[in-house]
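Using the working numbering, you'd call the opening residue of the sequence shown number 1 and step up by one each time.
From the three backbone atoms N, C-alpha and C, an ideal C-beta is built for every residue, glycine too.
Computed from a prediction, not measured in an experiment: that's the story for all the values here.
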Amino acid sequence: MQEAVNQREHAFGIRERLGFWLRNDAARLLFPSRCLACEAPGVEGLDLCPVCLAALPWQPRACIRCALPLPQPAGDDTCAACLTEPPPLAACHAACRYQAPLDRLLPRFKFHGDLAAGRLMSQLMARAFAGLPRPAALVPVPLHRARLRQRGYDQALELAKPLAAVLEVDLQAGLLRRQRHTRAQSTLDAASRRENLLDAFVVSGSGGLPGHVVLVDDVMTTGATLHAAAEALLDAGVRRVDAWVCGRAL
Ligand SMILES: [Zn+2]
Ligand SMILES: [Zn+2]
1 MQEAVNQREH
11 AFGIRERLGF
21 WLRNDAARLL
31 FPSRCLACEA
41 PGVEGLDLCP
51 VCLAALPWQP
61 RACIRCALPL
71 PQPAGDDTCA
81 ACLTEPPPLA
91 ACHAACRYQA
101 PLDRLLPRFK
111 FHGDLAAGRL
121 MSQLMARAFA
131 GLPRPAALVP
141 VPLHRARLRQ
151 RGYDQALELA
161 KPLAAVLEVD
171 LQAGLLRRQR
181 HTRAQSTLDA
191 ASRRENLLDA
201 FVVSGSGGLP
211 GHVVLVDDVM
221 TTGATLHAAA
231 EALLDAGVRR
241 VDAWVCGRAL
């Protein structure tokens, strides 16, 4: 509990830096913030009103390896499933549960080019993760270039860029590449997701690898994509891989 309080205090410690970042955004001067969920005036430099900000489904106390909520308020910080079969991620953190209004805002960002929704998601992640140990590099989970062409932008990269700037962490967007065009994970069951991702990622960094990488993605569902990306990095010699996601689906 104390840890959660400390984390929240750390998070608000960077408010000034977030404020600086927003004050320098010329668009802010022309367009005052509006709540992306309900259109009411925004608060704290966010495109969220006070009511929707207070109602955000912030992640409760969760397993440090898979970010699923833990049943008890105290005790082990790792769930039984991760103790039995440890995932490749040393730590995994979600800003929020993937519930309203995230389940409406994130698809707007991901599939409909709503970059304001993406900026808000990134701000929420910066608040949630400000108190966590900084890695040597943030690495967005890459899209295959065919899908990038189709969509026009890479949602994980768009989340990771401002996050890296606010938290002052190196962004290494080119470290990981998707070498196979995998089928959309959302259409597959858990076993087929793993199969679909076999050898999907390749580490393309020449020179020295960062020792500690945090993977950044929008939503974590089964974790198959993040695990495949983490395994590729670990196989290449990265010592520790964590993941930070905006929404954790239950
Ligand atoms: Zn609102
Ligand atoms: Zn777990």
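Whose C-alpha, out of Pro-41, Ala-229, Ala-236, Val-238, is nearest the C-alpha of Pro-140?
-> Cα-wise, what sits closest to Pro-140 is Ala-229.
Report whether the distance from the Cβ of Cys-63 to the nearest heavy atom of ligand 2 is below 7 Å.
-> The nearest non-hydrogen atom of ligand 2 is less than 7 Å from the C-beta of Cys-63.
Residues in its own chain within less than 7 Å of Pro-101 by CB, not counting five upstream and five downstream?
-> Hits under 7 Å: Ala-37, Cys-52.
Secondary structure, alpha helix (DSSP H): runs of 4+ residues fully inside the segment 33-75 | Within the segment 33-75, the complete alpha helix (DSSP H) runs of at least 4 residues are 50-54.
Cα-Cα separation between Ala-136 and Asp-76, rounded to whole angstroms = If you take the alpha carbons of Ala-136 and Asp-76, they lie about 27 Å apart.
One or two residues paired with Cys-92 in a DSSP bridge | Ala-243.
Whose C-beta lies closer than 8 Å to the C-beta of Pro-41 among residues of the same chain, with five residues either side of it excluded?
-> Within the same chain, Pro-41 has close Cβ partners Pro-32, Ser-33, Arg-34, Cys-35, Cys-49.
Work out the CA separation of Ala-117 and Arg-108 for me, nearest whole Å.
-> Approximately 7 Å between the Cα atoms of the pair.
Rounded straight-line distance, which links the Cα of Ala-67 to that of Pro-251 | Any question about residue 251 goes unanswered here, given that the chain covers just 1 to 250.
Exposed unless 16 or more other CB atoms sit within 10 angstroms - verdict on Ser-204 | Classification for Ser-204: exposed.
Is Leu-105 near ligand 1, with its Cβ less than 7 Å from a heavy atom?
-> No, the beta carbon of Leu-105 sits no closer than 7 Å to any heavy atom of ligand 1.
Consult DSSP for Val-238 and reduce its assignment to one of helix, strand or coil.
-> Note: Val-238 maps to coil in three-state DSSP.
Count the other CB atoms, across all protein chains shown, that sit within 10 Å of the CB of His-112; report buried if there are 16 or more and exposed otherwise.
-> It is exposed - the Cβ of His-112 has fewer than 16 other Cβ atoms within 10 Å.
Return the CA-CA distance between Arg-240 and Val-213, expressed in angstroms with no decimal places.
-> Arg-240 and Val-213 have their C-alpha atoms roughly 6 Å apart.
Is it the case that the CB of Leu-48 approaches a heavy atom of ligand 1 more closely than 7 Å?
-> Because some heavy atom of ligand 1 lies under 7 Å away, the Cβ of Leu-48 counts as near it: yes.
Inter-residue spacing [alpha-carbon to alpha-carbon] between Asp-218 and Leu-143 = Leu-143 has its alpha-carbon roughly 12 Å from the corresponding atom of Asp-218.
Do Leu-226 and Cys-89 come within 8 Å of each other at the CB atom, strictly closer than that value?
-> The sequence as given places Leu at residue 89; Cys does not occur at that position. Result yes, Cβ atoms of Leu-89 and Leu-226 sit closer than 8 Å.
Range of the contiguous beta strand (DSSP E) that encloses His-212 = Boundaries of the beta strand (DSSP E) around His-212: 212-220.
Check whether the Cβ of Leu-132 sits closer than 7 Å to any heavy atom of ligand 2, and report yes or no.
-> Because no heavy atom of ligand 2 lies under 7 Å away, the Cβ of Leu-132 does not count as near it: no.
Whose C-beta lies closer than 7 Å to the C-beta of Pro-86 among residues of the same chain, with five residues either side of it excluded?
-> Once the five neighbours on either side are set aside, the close Cβ partners of Pro-86 are Arg-65.
Of the residues Arg-61, Ala-94, Ala-95, which one's Cα is nearest the Cα of Cys-79?
-> If we check each option's Cα against that of Cys-79, Arg-61 comes out closest.
Buried or exposed by the 16-neighbour rule on C-beta atoms within 10 Å, applied to Ser-192 = By the 16-neighbour rule on beta-carbons within 10 angstroms, Ser-192 is exposed.
Using three-state DSSP, classify Val-139 as helix, strand or coil.
-> DSSP places Val-139 in strand when its eight states are reduced to three.
With distances taken between CB atoms, is the gap from Ala-190 to Ala-224 smaller than 8 Å?
-> Between Ala-190 and Ala-224, the C-beta gap is smaller than 8 Å, which places the two residues in contact.
Shortest alpha-carbon distance to Arg-147 belongs to which of Leu-124, Gly-131, Lys-110?
-> When each option's Cα is compared against that of Arg-147, the closest is Lys-110.
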